[in-house]
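**Q** Residue numbers (this note's numbering): 1 to 412.
Ideal Cβ positions, reconstructed from N, Cα and C, are used throughout, including at glycine.
1. Smallest Cα separation from residue 211: which of 29, 126 and 50?
2. Would the region 133–147 and the region 76–90 be scored as touching if the rule is three or more Cβ pairs under 8 Å?
3. Taking residue 177 as part of the alpha helix (DSSP H), name the residues at either end of that continuous run.
4. If you draw a straight line from the C-alpha of residue 136 to the C-alpha of residue 208, how long is it?
5. Hey, how far is the Cα of residue 122 from the Cα of residue 31?
6. From residue 251 to residue 238, what distance separates their C-alpha atoms?
7. Find out if the Cβ-Cβ distance for the pair residue 102, residue 187 is shorter than 9 Å.
8. The beta strand (DSSP E) spanning residue 241 covers which residue range?
9. Does any residue of chain D have a CB that is nearer than 9 Å to the CB of residue 86?
10. How many Å lie between residue 352 and residue 226 at the Cα?
11. Does DSSP put residue 329 in a helix, a strand or coil?
12. Is DSSP giving residue 408 helix, strand or coil here?
13. Go through its chain and collect everything with a Cβ distance to residue 321's Cβ below 6 Å, but skip five positions before and after it.
14. CA-CA distance, residue 165 and residue 105?
15. What residues match up with residue 191 in a beta bridge as DSSP calls it?
16. Would you mind stating whether residue 388 and residue 288 have Cβ atoms separated by less than 9 Å?
17. Pull up the distance between the alpha-carbon of residue 245 and that of residue 60, whole angstroms please.
18. Less than 9 Å between the beta carbons of residue 5 and residue 349, yes or no?
19. Could you give the DSSP three-state label for residue 205: helix, strand or coil?
20. How is residue 345 classed by DSSP in three states: helix, strand or coil?
21. Where does residue 370 sit, in a helix, a strand or coil, going by DSSP?
22. Determine contact between the region 31–46 and the region 193–203, defined as no fewer than three beta-carbon pairs at a distance below 8 Å.
23. Within 10 Å of its beta-carbon, does residue 406 have 16 or more other beta-carbons around it, so buried, or fewer, so exposed?
24. In this structure, how does DSSP classify residue 32 when only helix, strand and coil are distinguished?
25. Specify the secondary structure class of residue 339 as computed by DSSP and reduced to three states.
26. Taking the beta carbon of residue 401 as the centre, do at least 16 other beta carbons fall within 10 Å, making it buried, or is it exposed?
27. Keeping to the same chain, check which residues put their C-beta closer than 6 Å to that of residue 234; ignore five residues upstream and five downstream.
28. When the Cβ atoms of the region 174–186 are set against those of the region 304–314, are three or more pairs found closer than 8 Å?
29. Whose C-alpha, out of 2, 9, 3 and 1, is nearest the C-alpha of residue 236?
30. Is it the case that the CB of residue 399 approaches a heavy atom of the ligand FAD more closely than 8 Å?
31. With 16 other CB atoms within 10 Å as the buried threshold, where does residue 372 fall?
32. With DSSP run on the structure shown, which of helix, strand or coil describes residue 48?
33. Mapping DSSP to helix, strand and coil, what is residue 22?
34. Leaving out five residues on either side along the sequence, give the residues of the same chain with a beta carbon under 6 Å from the beta carbon of residue 272.
35. Give the DSSP-derived three-state secondary structure of residue 414 in the structure shown.
36. Does the Cβ-Cβ distance between residue 414 and residue 52 come in under 9 Å?
This is the structure:
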């Protein structure tokens, strides 16, 4: 029999706050974390804006020597994991470390380490390439570093499914606990890809907004949307079996009740038209939770601010909710943070858990001009207090990777 799974801890490093409290305050206020890129000179680039993490000092959040041997995305992951562990009140001294798992992914890994190594090679200094280049850059090292920092010796994996990464990691951790492979899992995603290669690569795909106005760059569901804005950070949740959480008197934010995953099997970068497979993925998660669509009050949308995603996701919601589609509230925190790529599902899961616990729905900020056919309740511009019995968080990635999770209010 499958075990019930609950969320007992949250951790966040984001463009609108480097702790969960700062992040959630930013969400409630509709803060915009998008601004001019400072990580490198973008004078020769078409894209000049991103959602950068601000004021993060690694040595204040973790062991300094260890941090020096990590990529930035791993530093974000470790900081968020330590916050989530502390929030959950977990002490490894009281746990069997082989029953504590880590499932943390990154869509890209550390591009900066690759770029620095390539620059030295091009300058004829290949012998001076940092010996930690490979372990710094590979995407699984966020999970590895989190496990080392926490002393977690259970299942330790790293899903890499582009922008669906964080949600797939949480979903796989959910399954691990359901089927008794672990009692506790740290799960989510981390990313730091605002680098010359990252920006140039996505720009060449014409995927990024070229807006010069931070308030009109990441504008999900708005008629004037013209591409996504890159973001960075980490979002992690602590999942526990209900029995384990109750035994230690843990605070429960929400119950993680359902998980859906499928593939468009259509195109490397474009979602299949019409939202059919996103709708199927949402329905899988709702069915897995034992709910009906009408039981779900809020959708934390993938909502990237691209024409194809926002249209397809809106159509998918209409397909799942049918005549009740306009009764469900839908919003995208990417309007505030930009698109955190592999970390998007992690930080959006944090937001969704708080939405369910606190009955406060995040806004889609800077929403001005409705688009024909995109006529759902996108919670425009201001957070809204509303009872949320259950919520679904969607993420869809390049390659046709779709992932959805359902959270509901915890009841005995």
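**A** Once the coordinates are examined:
1. The sequence position of residue 211 within the chain shown is 211, counting from 1. That would be 50, whose Cα lies nearest to the Cα of residue 211.
2. Short answer: they touch.
3. Sequence index remark: in the chain shown, residue 177 carries index 177 (1-based). That run of the alpha helix (DSSP H) goes 165–178.
4. Translated into positions along the chain shown, residue 136 becomes position 136. Translated into positions along the chain shown, residue 208 becomes position 208. Cα to Cα, residue 136 sits roughly 26 Å from residue 208.
5. Taking the first residue of the chain shown as 1, we reach residue 122 at position 122. Taking the first residue of the chain shown as 1, we reach residue 31 at position 31. If you take the alpha carbons of residue 122 and residue 31, they lie about 42 Å apart.
6. Sequence index remark: in the chain shown, residue 251 carries index 251 (1-based). Sequence index remark: in the chain shown, residue 238 carries index 238 (1-based). Rounded to whole angstroms, residue 251 to residue 238 spans 11 Å at the Cα level.
7. The residue given as residue 102 occupies position 102 in the chain shown. The residue given as residue 187 occupies position 187 in the chain shown. Result yes, Cβ atoms of residue 102 and residue 187 sit closer than 9 Å.
8. Sequence index remark: in the chain shown, residue 241 carries index 241 (1-based). Taken as a continuous stretch (DSSP letters only), the beta strand (DSSP E) holding residue 241 covers 233–241.
9. Among the chains in the structure shown there is no chain D, since it carries only a single protein chain.
10. Along the chain shown, one-based indexing puts residue 352 at 352. Along the chain shown, one-based indexing puts residue 226 at 226. Taking the straight line joining both Cα atoms gives about 26 Å.
11. In the chain shown, residue 329 corresponds to position 329, counting from 1. In the displayed model, residue 329 falls within a strand according to three-state DSSP.
12. Sequence index remark: in the chain shown, residue 408 carries index 408 (1-based). When DSSP states are grouped into helix, strand and coil, residue 408 belongs to the strand group.
13. Counted from its first residue, the chain shown places residue 321 at position 321. 293 and 328.
14. As a first step, residue 165 must be located in the chain shown, where it is residue number 165. As a first step, residue 105 must be located in the chain shown, where it is residue number 105. Each residue's alpha carbon lies about 6 Å from the other.
15. As a position in the chain shown, residue 191 is number 191, starting the count at 1. Answer is 233, bridged to residue 191.
16. Within the chain shown, residue 388 is the residue found at index 388, counting from 1. Within the chain shown, residue 288 is the residue found at index 288, counting from 1. No, Cβ-Cβ distance for residue 388 and residue 288 is not below 9 Å.
17. Taking the chain shown and counting its residues from 1, one reaches residue 245 at position 245. Taking the chain shown and counting its residues from 1, one reaches residue 60 at position 60. When rounded, the distance between both Cα atoms is 29 Å.
18. Taking the first residue of the chain shown as 1, we reach residue 5 at position 5. Taking the first residue of the chain shown as 1, we reach residue 349 at position 349. No; because the gap between Cβ atoms is not below 9 Å, this pair is not in contact.
19. Indexing the chain shown from 1 puts residue 205 at position 205. DSSP places residue 205 in coil when its eight states are reduced to three.
20. As a first step, residue 345 must be located in the chain shown, where it is residue number 345. Three-state DSSP puts residue 345 in a helix.
21. On the chain shown, residue 370 is found 370 positions in, with the first residue counted as 1. Judged by DSSP in its simplified three-state form, residue 370 adopts strand.
22. Cβ pair count under 8 Å is three or more, so yes.
23. As a position in the chain shown, residue 406 is number 406, starting the count at 1. Residue 406 comes out buried.
24. By 1-based counting over the chain shown, the position of residue 32 is 32. Of the three classes helix, strand and coil, the one that applies to residue 32 here is coil, per DSSP.
25. On the chain shown, position 339 is the one that residue 339 refers to. The answer is strand: DSSP assigns residue 339 an E or B state.
26. Indexing the chain shown from 1 puts residue 401 at position 401. So residue 401 counts as buried.
27. Counting from one through the chain shown, the residue named residue 234 turns up at place 234. The residues are 13, 76, 77, 80, 190 and 343.
28. With the cut-off at 8 Å, the region 174–186 and the region 304–314 do not touch.
29. Taking the first residue of the chain shown as position 1, residue 236 is located at position 236. Comparing Cα positions, the closest option is 9.
30. You won't find the ligand FAD in this model; it holds no ligand whatsoever.
31. On the chain shown, position 372 is the one that residue 372 refers to. Residue 372 is exposed by the Cβ-count criterion.
32. Indexing the chain shown from 1 puts residue 48 at position 48. In this structure, DSSP gives residue 48 a state outside helix and strand, which the three-state scheme calls coil.
33. Numbered from its first residue, the chain shown carries residue 22 at position 22. In the structure shown, residue 22 sits in a helix (DSSP, three-state: H, G or I).
34. Here residue 272 is taken as the residue at index 272 of the chain shown, counted from 1. These residues qualify, in order along the chain: 264 and 266.
35. The structure shown does not extend to residue 414, since the chain spans only 1 to 412, so no value can be given for it.
36. Outside the modelled stretch of the chain, which goes from 1 to 412, sits residue 414, for which no answer is possible.
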